[in-house]
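Novice: My structure is below; once you've seen it, I'll send some questions.
There are 2 protein chains.
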Amino acid sequence: MPPTLEEVAKLAGVSRSTVSRVINQHPSVRPEVRERVWAVIRETGYQPHAAARSLATRRTRVIGLIIPQAVTTLFTDPYFPILIRGVADACNSFQYHLMLSLFSQGQAGNSSARQDELYQQVLRGQYLDGVLISSAPLDDPIFRRLLQDGIPFVVVGRYPHERIHYVDVDNVNGARMAVEHLLRLGHERIATITGPLNMCAGQDRLEGYRQALTSRGLAVDEKLIAEGDFTEQGGRMAMQRLLPQRPTAVFAASDVMAIGAIKVIRDAGLRVPDDIAVVGFDDIPLASVVEPPLTTIRQPIDQLGSMAVKLLIGLIENPEGSTVHRVVLPTELVIRASCGIRAK
Amino acid sequence: MPPTLEEVAKLAGVSRSTVSRVINQHPSVRPEVRERVWAVIRETGYQPHAAARSLATRRTRVIGLIIPQAVTTLFTDPYFPILIRGVADACNSFQYHLMLSLFSQGQAGNSSARQDELYQQVLRGQYLDGVLISSAPLDDPIFRRLLQDGIPFVVVGRYPHERIHYVDVDNVNGARMAVEHLLRLGHERIATITGPLNMCAGQDRLEGYRQALTSRGLAVDEKLIAEGDFTEQGGRMAMQRLLPQRPTAVFAASDVMAIGAIKVIRDAGLRVPDDIAVVGFDDIPLASVVEPPLTTIRQPIDQLGSMAVKLLIGLIENPEGSTVHRVVLPTELVIRASCGIRAK
DNA sequence: AATATTTGTGAGAGCGCTCCCAAAAGAAGA
DNA sequence: TCTTCTTTTGGGAGCGCTCTCACAAATATT
Numbered sequence: 011m012p013p014t015l016e017e018v019a020k021l022a023g024v025s026r027s028t029v030s031r032v033i034n035q036h037p038s039v040r041p042e043v044r045e046r047v048w049a050v051i052r053e054t055g056y057q058p059h060a061a062a063r064s065l066a067t068r069r070t071r072v073i074g075l076i077i078p079q080a081v082t083t084l085f086t087d088p089y090f091p092i093l094i095r096g097v098a099d100a101c102n103s104f105q106y107h108l109m110l111s112l113f114s115q116g117q118a119g120n121s122s123a124r125q126d127e128l129y130q131q132v133l134r135g136q137y138l139d140g141v142l143i144s145s146a147p148l149d150d151p152i153f154r155r156l157l158q159d160g161i162p163f164v165v166v167g168r169y170p171h172e173r174i175h176y177v178d179v180d181n182v183n184g185a186r187m188a189v190e191h192l193l194r195l196g197h198e199r200i201a202t203i204t205g206p207l208n209m210c211a212g213q214d215r216l217e218g219y220r221q222a223l224t225s226r227g228l229a230v231d232e233k234l235i236a237e238g239d240f241t242e243q244g245g246r247m248a249m250q251r252l253l254p255q256r257p258t259a260v261f262a263a264s265d266v267m268a269i270g271a272i273k274v275i276r277d278a279g280l281r282v283p284d285d286i287a288v289v290g291f292d293d294i295p296l297a298s299v300v301e302p303p304l305t306t307i308r309q310p311i312d313q314l315g316s317m318a319v320k321l322l323i324g325l326i327e328n329p330e331g332s333t334v335h336r337v338v339l340p341t342e343l344v345i346r347a348s349c350g351i352r353a354k
Numbered sequence: 011m012p013p014t015l016e017e018v019a020k021l022a023g024v025s026r027s028t029v030s031r032v033i034n035q036h037p038s039v040r041p042e043v044r045e046r047v048w049a050v051i052r053e054t055g056y057q058p059h060a061a062a063r064s065l066a067t068r069r070t071r072v073i074g075l076i077i078p079q080a081v082t083t084l085f086t087d088p089y090f091p092i093l094i095r096g097v098a099d100a101c102n103s104f105q106y107h108l109m110l111s112l113f114s115q116g117q118a119g120n121s122s123a124r125q126d127e128l129y130q131q132v133l134r135g136q137y138l139d140g141v142l143i144s145s146a147p148l149d150d151p152i153f154r155r156l157l158q159d160g161i162p163f164v165v166v167g168r169y170p171h172e173r174i175h176y177v178d179v180d181n182v183n184g185a186r187m188a189v190e191h192l193l194r195l196g197h198e199r200i201a202t203i204t205g206p207l208n209m210c211a212g213q214d215r216l217e218g219y220r221q222a223l224t225s226r227g228l229a230v231d232e233k234l235i236a237e238g239d240f241t242e243q244g245g246r247m248a249m250q251r252l253l254p255q256r257p258t259a260v261f262a263a264s265d266v267m268a269i270g271a272i273k274v275i276r277d278a279g280l281r282v283p284d285d286i287a288v289v290g291f292d293d294i295p296l297a298s299v300v301e302p303p304l305t306t307i308r309q310p311i312d313q314l315g316s317m318a319v320k321l322l323i324g325l326i327e328n329p330e331g332s333t334v335h336r337v338v339l340p341t342e343l344v345i346r347a348s349c350g351i352r353a354k
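Residue numbers (our numbering), protein chains in the order written: chain A, 11 to 354; chain B, 11 to 354.
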């Protein structure tokens with residue numbers, strides 16, 4: 011049995027309250043007493059009981075990272091591990107803890123009911139002080155519920171709602187830079203493999219593609235747009251649909267899809283970048299390693315995570331602030347071999 | 011303010027105790043009363059307060075997944091996301107929650123002191139009912155502490171200690187199968203790129219390599235063994251050291267390292283599998299997609315995770331059992347193009 | 001019909017902490 | 001020296017739940 015406050019108090023010859031003050035760095039404790047109490051704490055290895063503390067303070071110092079059902083299939087995309095690492099690091103440095111809620115398919119039963127149940131348990135059960143939502147579909151009911159229940163939350167990825175705080179990378183500009191690079195290389199039939207269009211990231215990257223073309227006075231040919239789902243397999247399927255259109259270049263909205271596309275292009279007997287240039291998005295570690303190394307858009311994923319945590323903790327510890335926080339981190343073009351160097 | 015037990019009780023015209031019984035499915039409540047209480051619970055959206063409950067029961071229904079400092083650099087290896095997904099799924103289906111503790115470098119200060127602090131907070135603070143440790147180095151002090159504090163835990167990866175429960179895949183046999191396959195294809199100068207040798211998985215896969223050779227009566231040439239660290243970069247460096255030895259085949263202890271090795275082989279102007287055959291380990295999703303598709307050893311990573319959770323929850327809910335649980339899941343050879351088909 | 005047994009329910013204490021309030025102890029002013 | 005303030009300390013209540021125990025009601029036993 012670990013020692014309690016009471017026991018520490020007795021050993022130090024003071025009251026429960028005084029020990030509590032020492033633990034919580036309350037200033038009005040005589041230095042001499044404080045030292046005596048600390049000595050006993052060290053000696054006994056005393057650690058406040060988290061649940062007891064939460065019950066009294068209504069705070070848990072735990073935040074949740076929720077990754078909804080719709081995206082757990084993408085979980086092998088290196089995006090998530092990096093995000094998680096960023097989030098975990100930030101939590102560590104703020105002395106918060108991280109609870110991970112994935113809603114994946116593996117389980118029996120209606121999984122949206124399942125998601126509901128988990129929501130109920132975790133959030134209304136006050137396990138968490140606040141949550142981070144990563145790349146949920148725009149219509150996910152969780153947003154309404156969080157707003158309704160008044161639970162502090164930050165979305166990782168843009169979310170168009172005036173009361174929602176979010177952190178995102180500049181997807182529109184990133185995509186635009188990618189396509190502009192292809193335009194500069196002289197390409198005119200540029201296709202795109204989009205992300206899922208019910209996610210903001212998917213929409214925004216498509217929007218960047220459109221902007222790059224129209225600002226050059228080029229028409230957007232809808233036949234050169236194929237929807238993917240951020241998976242390698244989805245990238246392959248989309249590329250298959252695009253091939254008959256004979257594009258000279260493809261902008262894939264994720265590196266993983268770009269890799270799938272390259273595979274299909276090669277299987278069709280064509281070369282990358284000679285016959286079809288390819289640009290990806292994300293700059294996952296793999297991008298520099300595949301053959302040919304991928305030209306892509308780098309996004310600071312771990313910063314995204316730590317920034318989201320910082321914002322969320324701000325909301326938790328300072329609920330007064332009525333300003334809605336929106337952070338958009340810059341993206342950057344990384345030129346490698348997969349887009350070739352075409353003469354203008 | 012969410013409703014409390016007391017309030018629900020008043021609304022249902024019963025006592026606090028009765029509502030508690032209903033929530034906890036205690037049998038001795040009249041069906042009619044039970045129904046009435048449930049109605050109020052549904053109506054009010056009542057959810058028991060997690061902290062209050064934990065305080066009374068000394069259980070949190072939260073388990074931790076701890077990934078120590080030494081391996082967070084590998085976190086982009088698809089191994090971890092898959093493991094995490096397996097663990098998360100299993101948690102969901104047992105109605106447990108998952109707390110993730112990564113100890114990575116990002117942070118300032120002596121990080122082993124940091125790790126200590128976190129240990130103290132999370133584990134002695136009774137946040138968790140038990141923990142899963144993934145691939146910690148054999149000498150990590152956490153094992154001793156857990157044992158000492160009597161905290162239920164299961165290690166993911168073999169751990170040679172008579173009181174420690176673990177779940178692992180059959181690394182020795184897997185490696186052996188990989189190398190035997192190369193032997194069958196007629197190779198004789200088979201090199202290996204090992205994992206870090208302070209981890210069991212690294213040692214065991216090397217052991218499998220040795221066994222395959224010696225059981226064929228072949229000598230093990232230490233110059234054909236290069237230590238890697240499970241990263242792509244580590245794989246490249248190890249391959250560079252091996253190239254001068256002119257191996258005709260390489261067994262890499264992870265797919266990620268195999269991919270690094272292939273790159274080096276090609277940069278040296280050699281072809282895979284024609285000049286050097288390569289076999290990996292893990293069967294990560296990427297393995298089937300790279301050029302050439304990787305022959306590798308499949309390990310059921312998500313099963314590993316869910317099995318570990320199952321064991322751990324067993325330990326938590328049934329602390330009496332004095333048997334030490336050890337589960338070893340089978341591995342499987344997956345033949346693709348990277349090892350070629352050599353005549354016998 | 002009287003007693004014994006089972007079943008259902010409520011009251012109370014307690015889990016370990018925080019925080020308010022009032023008392024005690026010093027410090028300062030008269 | 002006595003009052004008035006300030007600083008430091010202890011006691012008590014309360015956070016929302018569970019769980020034991022005792023009592024009331026319903027059923028079974030003789």
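Virtual Cβ for every residue (Gly too), placed ideally from N, Cα, C.
For clarity, every value in this text was computed on a predicted model and none was experimentally measured.
#1: For chain B, check one thing: does any of its Cβ atoms lie closer than 9 Å to the Cβ of A:Q131?
#2: What do you get for B:S316, buried or exposed, if any count of 16 or more other CB atoms within 10 angstroms of its CB means buried?
#3: What number of angstroms, rounded off, separates the C-alpha of B:R281 from the C-alpha of A:E242?
#4: List, in chain order, every chain A residue whose beta-carbon is nearer than 8 Å to that of B:R134.
#5: Would you check if the region 189-201 of chain B and the region 217-236 of chain B touch, i.e. whether three or more CB-CB distances between them fall below 8 Å?
#6: Would you say A:P88 and A:L296 are within 9 Å of each other, going by their C-beta atoms?
#7: What residue ranges within the region 138-190 of chain A form continuous alpha helix (DSSP H) runs of no fewer than 4 residues, ordered along the chain?
#8: Closest Cβ-Cβ distance between B:Q309 and chain A: below 9 Å?
#9: CB-CB under 8 Å to A:V334, same chain, minus the five flanking residues each way: which ones, in chain order?
#10: I'd like to know if A:P206 contacts chain B, where contact means its C-beta is closer than 9 Å to some C-beta of that chain.
#11: Cβ of B:A278 less than 9 Å from any chain A Cβ?
#12: Just to confirm the assignment, what range does the beta strand (DSSP E) spanning A:G74 have?
#13: Measuring CB to CB, does B:V47 end up less than 9 Å from B:A66?
#14: Name, in chain order, the residues that DSSP records as bridge partners for A:M109.
#15: According to the Cβ coordinates, are A:P283 and A:A185 closer than 9 Å?
#16: Since A:F113 and A:R124 are thought to touch, with beta carbons under 8 Å apart, how far apart are those beta carbons, to the nearest angstrom?
#17: Determine the closest residue to A:P162 out of A:P303, A:G324 and A:D180, with distance taken between C-alpha atoms.
#18: Just curious, the beta strand (DSSP E) that B:E342 is in, first and last residue?
#19: Could you tell me the distance, in whole angstroms, from the CA atom of A:L288 to the CA atom of A:P302?
#20: Okay, do the region 240-256 of chain A and the region 268-279 of chain A touch, 3+ Cβ pairs below 8 Å being the bar?
#21: How is B:D87 classed by DSSP in three states: helix, strand or coil?
#22: In three-state terms, what does DSSP make of B:A353?
#23: Cβ of B:A62 less than 9 Å from any chain A Cβ?
#24: Give a yes or no on whether the minimum CB-CB distance between A:T305 and chain B is below 9 Å.
#25: So which residues of chain A does B:M109 contact, with C-beta pairs closer than 9 Å?
#26: For a contact meaning CB atoms closer than 7 Å, what does A:P91 contact in chain B?
#27: A:D149 and A:N208 look like a contact to me (Cβ under 8 Å); what is the Cβ gap, rounded to whole Å?
#28: Under the three-state reduction of DSSP, which class applies to A:E237: helix, strand or coil?
#29: By how many angstroms is the C-alpha of B:A263 removed from the C-alpha of B:H197?
#30: Determine whether the Cβ of B:E242 lies closer than 9 Å to any Cβ atom of chain A.
#31: Excluding five sequence neighbours on each side, which residues of the same chain lie with their C-beta closer than 7 Å to the C-beta of B:L110?
#32: So, is A:S27 buried or exposed, given that buried needs 16 or more other C-beta atoms within 10 angstroms?
#33: With DSSP run on the structure shown, which of helix, strand or coil describes A:V338?
#34: Look at B:G135 and A:Q57 and say whether their C-beta atoms are less than 9 Å apart.
#35: If we cut at 9 Å on Cβ distances, does A:P78 have a partner in chain B?
#36: Could you give the DSSP three-state label for A:D126: helix, strand or coil?
Specialist: On the basis of the coordinates in this document:
#1: For the purposes of this step, residue 131 of chain A is taken as the residue at position 121 of the first sequence. Closer than 9 Å to some Cβ of chain B, the Cβ of A:Q131 qualifies, so yes.
#2: The residue you call residue 316 of chain B lines up with position 306 of the second sequence. Buried is the call here.
#3: As a first step, residue 281 of chain B must be located in the second sequence, where it is residue number 271. As a first step, residue 242 of chain A must be located in the first sequence, where it is residue number 232. Using only the alpha carbons, I get a separation of about 25 Å.
#4: The residue given as residue 134 of chain B occupies position 124 in the second sequence. The contacting residues are P12, G55 and Q57.
#5: yes
#6: For the purposes of this step, residue 88 of chain A is taken as residue 78 along the first sequence, with counting starting at 1. For the purposes of this step, residue 296 of chain A is taken as residue 286 along the first sequence, with counting starting at 1. Contact flag set, yes.
#7: 152-159
#8: In the second sequence, the residue the question calls residue 309 of chain B occupies position 299. Chain A, which has no Cβ nearer than 9 Å to the Cβ of B:Q309, makes this no.
#9: As a position in the first sequence, residue 334 of chain A is number 324, starting the count at 1. Cβ neighbours of A:V334 beyond the five flanking positions: E172, R173, I174 and H175.
#10: Along the first sequence, one-based indexing puts residue 206 of chain A at 196. For A:P206, not one C-beta of chain B is nearer than 9 Å to its own C-beta.
#11: Working through the second sequence from its first residue, we reach residue 278 of chain B at position 268. So, not an interface residue.
#12: As a position in the first sequence, residue 74 of chain A is number 64, starting the count at 1. Counting along the chain, the beta strand (DSSP E) containing A:G74 begins and ends at V72 to I77.
#13: Here the question's residue 47 of chain B lines up with position 37 in the second sequence. Here the question's residue 66 of chain B lines up with position 56 in the second sequence. No, the pair does not count as a contact, with Cβ atoms beyond the cut-off.
#14: Numbered from its first residue, the first sequence carries residue 109 of chain A at position 99. The partner list for A:M109 (beta bridge, DSSP) reads A:G74 and B:M109.
#15: Taking the first residue of the first sequence as position 1, residue 283 of chain A is located at position 273. Taking the first residue of the first sequence as position 1, residue 185 of chain A is located at position 175. No, the pair does not count as a contact, with Cβ atoms beyond the cut-off.
#16: For the purposes of this step, residue 113 of chain A is taken as the residue at position 103 of the first sequence. For the purposes of this step, residue 124 of chain A is taken as the residue at position 114 of the first sequence. Confirmed, about 7 Å.
#17: For the purposes of this step, residue 162 of chain A is taken as residue 152 along the first sequence, with counting starting at 1. That would be A:G324, whose Cα lies nearest to the Cα of A:P162.
#18: Sequence index remark: in the second sequence, residue 342 of chain B carries index 332 (1-based). Where B:E342 is concerned, the enclosing beta strand (DSSP E) stretches over E342 to V344.
#19: If you number the first sequence from 1, residue 288 of chain A lands on position 278. If you number the first sequence from 1, residue 302 of chain A lands on position 292. Looking at the sequence shown, residue 288 of chain A is not Leu but Val. Going from the Cα of A:V288 to the Cα of A:P302 covers about 10 Å.
#20: Using a C-beta cut-off of 8 Å, the region 240-256 of chain A makes contact with the region 268-279 of chain A, since at least three inter-stretch Cβ pairs fall below that distance.
#21: In the second sequence, residue 87 of chain B corresponds to position 77, counting from 1. In this structure, B:D87 counts as coil in the three-state DSSP scheme.
#22: In the second sequence, the residue the question calls residue 353 of chain B occupies position 343. Because B:A353 sits at a pLDDT of 38, beneath the cut-off of 50, its placement in the model cannot be relied upon, and the point is left open.
#23: For the purposes of this step, residue 62 of chain B is identified with residue 52 of the second sequence, where counting begins at 1. Cβ-Cβ to chain A under 9 Å: yes for B:A62.
#24: Here residue 305 of chain A is taken as the residue at index 295 of the first sequence, counted from 1. With 9 Å as the cut-off, A:T305 does not count as an interface residue toward chain B.
#25: Taking the first residue of the second sequence as 1, we reach residue 109 of chain B at position 99. Ordered by position in chain A, the residues that pass the 9 Å Cβ test against B:M109 are V72, H107, L108, M109 and L110.
#26: To locate residue 91 of chain A, count along the first sequence from 1; it is residue 81. Neighbours of A:P91 on chain B, chain order: F85, T86, F90 and P91.
#27: The sequence position of residue 149 of chain A within the first sequence is 139, counting from 1. The sequence position of residue 208 of chain A within the first sequence is 198, counting from 1. Between A:N208 and A:D149 the Cβ distance is about 7 Å, and since that is below 8 Å, they are a contact.
#28: Reading the first sequence from its first residue, position 227 is the one you call residue 237 of chain A. Three-state result, A:E237: strand.
#29: Here residue 197 of chain B refers to the residue found at position 187 of the second sequence. Here residue 263 of chain B refers to the residue found at position 253 of the second sequence. Looking at the backbone, the Cα of B:H197 and that of B:A263 are separated by about 18 Å.
#30: As a first step, residue 242 of chain B is located in the second sequence; it is residue number 232 there, counting from the start. Chain A, which has a Cβ nearer than 9 Å to the Cβ of B:E242, makes this yes.
#31: One-based indexing of the second sequence puts residue 110 of chain B at position 100. Counting only Cβ-Cβ distances below 7 Å, and skipping sequence neighbours, we find L75.
#32: Here residue 27 of chain A corresponds to residue number 17 of the first sequence, with the count starting at 1. Per the 10 Å Cβ criterion, exposed.
#33: Here residue 338 of chain A refers to the residue found at position 328 when the first sequence is read from its first residue. A:V338 falls in the strand class under three-state DSSP.
#34: Within the second sequence, numbered from 1, the residue matching residue 135 of chain B stands at position 125. Within the first sequence, numbered from 1, the residue matching residue 57 of chain A stands at position 47. A contact, by the Cβ cut-off of 9 Å.
#35: Walking along the first sequence from the start, residue 78 of chain A turns up at place 68. Answer no: the Cβ-Cβ gap between A:P78 and chain B never drops below 9 Å.
#36: For this step, residue 126 of chain A is matched to residue 116 along the first sequence. Residue state, collapsed to three classes: helix.
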